[in-house]
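Peer 1: Submitted below is the structure of interest, expressed as structure tokens.
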């Protein structure tokens, strides 16, 4: 899992590492290089300082490309295994909501959780799946609103006077 953060707080958990863009010029050069290789059809290799060479599998190449793009854009990136479990606070931060709001989602059985002791834990994969579900739900809602507005001819209407907040 690679998660890109444009801003806000990034919490590190076990088996997770947050990378910050510290060398913008070098990152831009790496990004240009990886972008020029549209796909790793040819064998991409890494070479150590001692001359040892290893071929990169396609998924590693794609991960490096995504990492380089995000870092070159000045974004922090977190890399963590999908089996990672999060606290309710960490999951809430990942979703951009308060912990009490996140706990309400757990209580409503919208996201599965375990309670190994007194505290609830959620799988990162479940939180990411919920985030994607919510994004798709929002996109569908916006598409429906757009369709209704078009059907009513509201996209063609241009107000004769600017609207104010008090209208």
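Numbering (UniProt numbering), first residue to last: 1 to 167. For glycine and all other residues, C-beta sits at the position ideal for the given N, C-alpha and C. Model, not experiment: these values are computed from the prediction.
1. Check the C-beta distance from residue 68 over to residue 127 and give it rounded, since I have them as a contact under 8 Å.
2. Where does residue 138 sit, in a helix, a strand or coil, going by DSSP?
3. Using the three-state DSSP reduction, which class does residue 88 fall into: helix, strand or coil?
4. Give the C-beta separation of residue 124 and residue 80 to the nearest angstrom, bearing in mind that I take them to be a contact with Cβ-Cβ under 8 Å.
5. Alpha carbon to alpha carbon, how far is residue 50 from residue 134? Give it in angstroms, no decimals.
6. At the level of alpha carbons, what is the spacing between residue 2 and residue 58?
7. Quick one: grab the DSSP three-state call for residue 131.
8. Roughly how many whole angstroms lie between the Cα atoms of residue 152 and residue 145?
9. Which same chain residues, not among the five before or five after residue 15, have their C-beta less than 8 Å away from its C-beta?
10. Quick one: complete alpha helix (DSSP H) runs, 4+ long, within the region 51-84?
11. For residue 140 and residue 147, what's the separation of their Cα atoms in angstroms?
12. According to DSSP, is residue 165 part of a helix, a strand, or is it coil?
13. Around the Cβ of residue 101, are there at least 16 other Cβ atoms within 10 angstroms (buried) or fewer (exposed)?
14. Does the distance from the CB of residue 94 to the CB of residue 122 come in under 7 Å?
15. Could you tell me the boundaries of the beta strand (DSSP E) in which residue 152 lies?
16. Give me the Cβ distance between residue 88 and residue 99, rounded to the nearest whole Å; I'm assuming they're in contact under 8 Å.
17. What separation, rounded to the nearest whole angstrom, lies between the Cα atoms of residue 23 and residue 104?
18. Ignore the nearest five residues each way along the sequence and tell me which others in residue 130's own chain have a CB closer than 7 Å to its CB.
Peer 2: So, to answer that:
1. The sequence position of residue 68 within the chain shown is 68, counting from 1. The sequence position of residue 127 within the chain shown is 127, counting from 1. The C-beta distance from residue 68 to residue 127 rounds to 25 Å, too long to fall under 8 Å, and the pair is not in contact.
2. Reading the chain shown from its first residue, position 138 is the one you call residue 138. Correct three-state label for residue 138: helix.
3. Your numbering for residue 88 matches position 88 in the chain shown. Residue 88 sits in a helix when the DSSP states are folded into three classes.
4. Mapped onto the chain shown, residue 124 falls at position 124. Mapped onto the chain shown, residue 80 falls at position 80. Between residue 124 and residue 80 the beta-carbon gap is near 6 Å, inside 8 Å, which marks them as a contact.
5. Here residue 134 refers to the residue found at position 134 of the chain shown. Here residue 50 refers to the residue found at position 50 of the chain shown. Answer to the nearest angstrom: the Cα atoms are 48 Å apart.
6. Within the chain shown, residue 2 is the residue found at index 2, counting from 1. Within the chain shown, residue 58 is the residue found at index 58, counting from 1. Residue placement at residue 2 cannot be trusted, given a pLDDT of 45 that sits under 50; what the coordinates show is reported in the next sentence. Taking C-alpha positions only, residue 2 is separated from residue 58 by approximately 15 Å.
7. Translated into positions along the chain shown, residue 131 becomes position 131. If DSSP states are grouped into helix, strand and coil, residue 131 belongs with the helices.
8. On the chain shown, position 152 is the one that residue 152 refers to. On the chain shown, position 145 is the one that residue 145 refers to. One alpha carbon belongs to residue 152, the other to residue 145, and they sit about 11 Å apart.
9. Here residue 15 corresponds to residue number 15 of the chain shown, with the count starting at 1. Confidence in residue 15 is poor, its pLDDT being 49 and thus under 50, which makes the residue's placement too unreliable to answer from.
10. Listed in chain order, they are 58-72.
11. Along the chain shown, one-based indexing puts residue 140 at 140. Along the chain shown, one-based indexing puts residue 147 at 147. Each residue's alpha carbon lies about 10 Å from the other.
12. Walking along the chain shown from the start, residue 165 turns up at place 165. Here residue 165 sits in coil by DSSP.
13. Counted from its first residue, the chain shown places residue 101 at position 101. Counting C-beta atoms within 10 angstroms of its own C-beta, residue 101 has fewer than 16 neighbours from the protein chains shown and is therefore classed as exposed.
14. One-based indexing of the chain shown puts residue 94 at position 94. One-based indexing of the chain shown puts residue 122 at position 122. Their beta carbons are not under 7 Å apart, which means residue 94 does not touch residue 122 by this criterion.
15. Along the chain shown, one-based indexing puts residue 152 at 152. Neither: residue 152 is in no beta strand (DSSP E) and is coded neither H nor E.
16. Working through the chain shown from its first residue, we reach residue 88 at position 88. Working through the chain shown from its first residue, we reach residue 99 at position 99. Their Cβ separation, rounded to whole angstroms, is 5 Å, which keeps residue 88 and residue 99 in contact under 8 Å.
17. Indexing the chain shown from 1 puts residue 23 at position 23. Indexing the chain shown from 1 puts residue 104 at position 104. In this structure, the straight-line span from the alpha carbon of residue 23 to that of residue 104 is close to 41 Å.
18. Stepping through the chain shown from its first residue, residue 130 is reached at position 130. Result list for residue 130: 110 and 111, in chain order.
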